[in-house]
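Numbering of the sequence shown is given in full-length UniProt numbering, commencing with residue 1 and proceeding in unit increments. Glycine included, each C-beta is placed from N, C-alpha and C at the ideal position. None of these values were measured; they are calculated from a predicted model.
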Amino acid sequence: MIESKKINILIAISLVFALVVSILFVVVANTQEANIINTGKAEYTSKIFGSDIISVEIIADEAQWQEMLDNAINEQYIMADVMVNGTKFQSVGIRPKGNSSLTQVASSNSDRYSFRFQFDEYIKGQTCFGLESFVVNNMLGDNTYMKEYVSYDLMKEIGVDAPCFGFADIKVNDENWGLYLAVELYNESYEQRVFNDTSGMLYNVKSMDKGGNMGDNQPNRQNNNMRAMSDMEGGENTRFQRPNGESQERTSNELPESINGEDRSVEGRNMEDRFPGMGGDMGRGSGGGSLEYTDDNVESYGSIFNNVVGKGTEKDYKRVIEALKNLSEGNNLEEYFDVDQILRYLAAHTIVVNLDSYSSSMAQNYYVYENKGKITILPWDYNLAWGGFQSGDASSVINFPIDTPVSGVEMSSRPLIEKLFENPEYLNLYHSYLQQLMDEYFANGKFEEKINTLDTLISDYVKNDNTAFCTYEEYKKAVSSFITLGNLRAKSIQGQLHGTVHSTTEDQKADADNLISAGDLNLSDLGSMMGGRGGNEGFGGMDRNGGRPFFGNLEEIEIPSGMELPADMELSNMRQEGRIELQEEMRGNPTNSIVPNSDIRQNLGKNNLIQISLLLFVLIIATIFVARYKKDY
1 MIESKKINIL
11 IAISLVFALV
21 VSILFVVVAN
31 TQEANIINTG
41 KAEYTSKIFG
51 SDIISVEIIA
61 DEAQWQEMLD
71 NAINEQYIMA
81 DVMVNGTKFQ
91 SVGIRPKGNS
101 SLTQVASSNS
111 DRYSFRFQFD
121 EYIKGQTCFG
131 LESFVVNNML
141 GDNTYMKEYV
151 SYDLMKEIGV
161 DAPCFGFADI
171 KVNDENWGLY
181 LAVELYNESY
191 EQRVFNDTSG
201 MLYNVKSMDK
211 GGNMGDNQPN
221 RQNNNMRAMS
231 DMEGGENTRF
241 QRPNGESQER
251 TSNELPESIN
261 GEDRSVEGRN
271 MEDRFPGMGG
281 DMGRGSGGGS
291 LEYTDDNVES
301 YGSIFNNVVG
311 KGTEKDYKRV
321 IEALKNLSEG
331 NNLEEYFDVD
341 QILRYLAAHT
351 IVVNLDSYSS
361 SMAQNYYVYE
371 NKGKITILPW
381 DYNLAWGGFQ
391 SGDASSVINF
401 PIDTPVSGVE
411 MSSRPLIEKL
421 FENPEYLNLY
431 HSYLQQLMDE
441 YFANGKFEEK
451 INTLDTLISD
461 YVKNDNTAFC
471 TYEEYKKAVS
481 SFITLGNLRA
491 KSIQGQLHGT
501 VHSTTEDQKA
511 DADNLISAGD
521 LNLSDLGSMM
531 GGRGGNEGFG
541 GMDRNGGRPF
551 FGNLEEIEIP
561 SGMELPADME
571 LSNMRQEGRI
581 ELQEEMRGNP
591 TNSIVPNSDI
601 RQNLGKNNLI
611 QISLLLFVLI
621 IATIFVARYK
631 KDY
């Protein structure tokens, strides 16, 4: 029998014990959860992109795969299992991706599409070692296989928060599909990895997609003829097929003299000279892609806000507009923009001369990241870098001016560049980042060493790439030309920094004698969109049936129909319904297992249930203990 004076003490001790044990359970469980999250956040950087060559094997139903390829222009997901560096992920969403490049492959007999992998398309919360999604790009227009890789590598070298990237060997149902470039997509996985915060907003700026294209982070795709023309830069010895089946060789940068009866002869150096309306003032405004402030209406900035990653509100959009307004006035730039990061971005971006971008009349192909009213710019889509778009000749790429790094537009219509460069401190900092890249990436043979290292890494893969858009001999020639181009570009930039080469467009036009000579360098050797030979002959290499793919003459090319998809809300509902149906099916299918750490949110939910159950168990035991001795008393 317990003495009465000790009962209250005993009860107090029991309850305190129960409380302490419960707290310990919660702390331990939450610590484990935090470790899971932290591990998952960075795990894919080593498990996917840590490899020299990423291995990606797609295991799909043959009929569904072929149907997807036959209707690639619609960009509809199918379900497939995917092996990434030896680890299998089940029920992954996969679809073709692209814009004009997608149209070009669809117009040929090649099946070498670029693809997007969405790991949570059918299984909610599933990731690939913490990564929601990534794309693999098919190297169209790049005989070097390296232009986009090196562009991102330069961004990374100078400290830009670039996406993860790496070469990827693709197989489909045990069939070799070719060497691609894998690139991390900008989404919550990226935000968590880079910023340790997912509260920011991401916008994929696509000025040429006014027909409703929502970019690679959105499902809706529609036709746009101007965008389809954006990659039609020809090159030397580009093969086209005449209606009678005879092939025709074209000289460098030559397009047919007429398309649909309209004069398209090449008279000028830039795209705006060839296609009226694609240059000059076309780039002004650009639905917000130019980052010019027009007014306070969200609708005026469709190129930005129509392409939001995830969901956005008017309040989110207004913060961006406020930043653009201050940019137009040159006010409080460091309050509204991450000036240092943007200057780093501009340094690398200027070196690689990517004119399918903010730097030209296109005003697109970059991401806006906004958090708490502050904006930075993130790099994207560099397959047409190094003079692959709108560039007249090798000299114009080599000597692209570092202090007026725009083409086809005035600096005033690109305020992010103009306003920053007007500040002497910012301009000097930008110059210092250019010099840093010259010293660390190009000087003393470093660029050639980098390219040769990459060549050693991928050469055998290219040699055995039966779906390639070029021959192995053309690849080797392209690699040599790329080394020449990079070294000459660095020589010109160094001269512009030292004042021995003019650094503005106006001064270069007035005095072209001091420009760095291109010698016999031909840009088309590096590859060009709508051109090159694939396999042994023809565009796109051997098709899967052994036939030779080709593009018809430009007069014959039609933009395939069927690109329109349901409206955003309808498609979202369709996807949600499909996901629910799949989840219902999976409840009775234990074989649909997920790899460890691929469904963090679901694991965290289970851990919370365990915590609550243990807490209740301890409290019940404590209550029974107290009640028993109370009764005895």
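Asked                                                                                                                                                           : Found
Classify residue 636 as helix, strand or coil using the three-state DSSP reduction.                                                                             : Residue 636 lies beyond the stretch modelled for the chain, which goes from 1 to 633, so this question has no answer here.
At what residue ranges does the region 87-162 contain a whole run of the alpha helix (DSSP H), taking only runs of 4 or more?                                   : 100-106 and 147-157
Any idea which residues DSSP pairs A394 with across the strands?                                                                                                : Its beta-bridge partners do not exist; DSSP assigns none.
By how many angstroms is the C-alpha of S412 removed from the C-alpha of G178?                                                                                  : 43 Å
DSSP puts A80 in a beta bridge; with which residues?                                                                                                            : V92
So, helix, strand or coil for A347, using DSSP?                                                                                                                 : helix
Using the Cα positions of I620 and G130, report the straight-line distance between them to the nearest angstrom.                                                : 38 Å
Can you give the beta carbon distance from A106 to A80, rounded, assuming they're within the 8 Å contact cut?                                                   : About 20 Å separates the two Cβ atoms, so there is no contact after all.
As a quick exercise: from G310, Q104 and Y345, pick the residue whose alpha carbon is nearest that of L202.                                                     : G310
Could you give the DSSP three-state label for L497: helix, strand or coil?                                                                                      : helix
For I54 and K509, I'd like the C-alpha separation in whole angstroms.                                                                                           : 45 Å
Quick check on the DSSP output: what are the complete alpha helix (DSSP H) runs of length 4 or more inside the region 397-468, in order along the chain?        : 415-421, 424-437 and 446-463
List the DSSP bridge partners of V205.                                                                                                                          : Y366
Is N173 near the ligand HEM, going by C-beta to nearest heavy atom under 8 Å?                                                                                   : Among the components modelled here there is no ligand, and therefore nothing to report on the ligand HEM.
Any idea what DSSP makes of N327, helix, strand or coil?                                                                                                        : It is Leu, not Asn, that sits at residue 327 in the sequence shown. Helix, per DSSP.
Determine, using beta carbons only, whether Y441 and F167 come nearer to each other than 9 Å.                                                                   : no
Within the continuous alpha helix (DSSP H) that includes F305, where are the two ends?                                                                          : G302 to F305
Reducing DSSP to helix, strand and coil, say where N176 ends up.                                                                                                : strand
Taking the beta carbon of N365 as the centre, do at least 16 other beta carbons fall within 10 Å, making it buried, or is it exposed?                           : buried
Spell out a yes or no on whether the region 469-478 and the region 488-507 are touching, meaning 3 or more CB-CB pairs, one atom from each, closer than 8 Å.    : no
Going by DSSP in three states, V309 sits in which element: helix, strand or coil?                                                                               : coil
Within a Cβ cutoff of 7 Å, which residues of the same chain sit near G159, ignoring the five residues on either side of it in sequence?                         : R344
Quick one: residues in its chain with C-beta nearer than 6 Å to the C-beta of Y317, no 5 flanking neighbours on either side, listed in chain order?             : V298 and F305
Helix, strand or coil: which one does DSSP assign to N332?                                                                                                      : coil
Count the other CB atoms, across all protein chains shown, that sit within 10 Å of the CB of D499; report buried if there are 16 or more and exposed otherwise. : In the sequence under discussion, the amino acid at residue 499 is Gly, which differs from the Asp named in the question. G499 is exposed by the Cβ-count criterion.
Look at the alpha carbon of I58 and the alpha carbon of D513, and state the distance between them as a whole number of angstroms.                               : 54 Å
Whole angstroms are fine: how far does the CA of Y426 sit from the CA of G50?                                                                                   : 34 Å
V194 to D174, Cα distance in whole Å?                                                                                                                           : 35 Å
Can you look up E184 in the DSSP assignment and give me helix, strand or coil?                                                                                  : strand
Using only alpha-carbon positions, find the residue among D70, D153, V150 and K171 that is nearest to N464.                                                     : K171
How is the beta strand (DSSP E) around E75 delimited, first residue to last?                                                                                    : Neither: E75 is in no beta strand (DSSP E) and is coded neither H nor E.
Would you check if the distance between the CB atom of S133 and the CB atom of N187 is smaller than 9 Å?                                                        : yes
What residues match up with S360 in a beta bridge as DSSP calls it?                                                                                             : S407
How many Å lie between E314 and G527 at the Cα?                                                                                                                 : 43 Å
Rounded to whole angstroms, what's the CA-CA distance from M362 to G287? Just pull it up for me.                                                                : 11 Å
Applying the criterion that 16 or more other CB atoms from any shown protein chain within 10 Å of the CB defines a buried residue, is N196 buried or exposed?   : exposed
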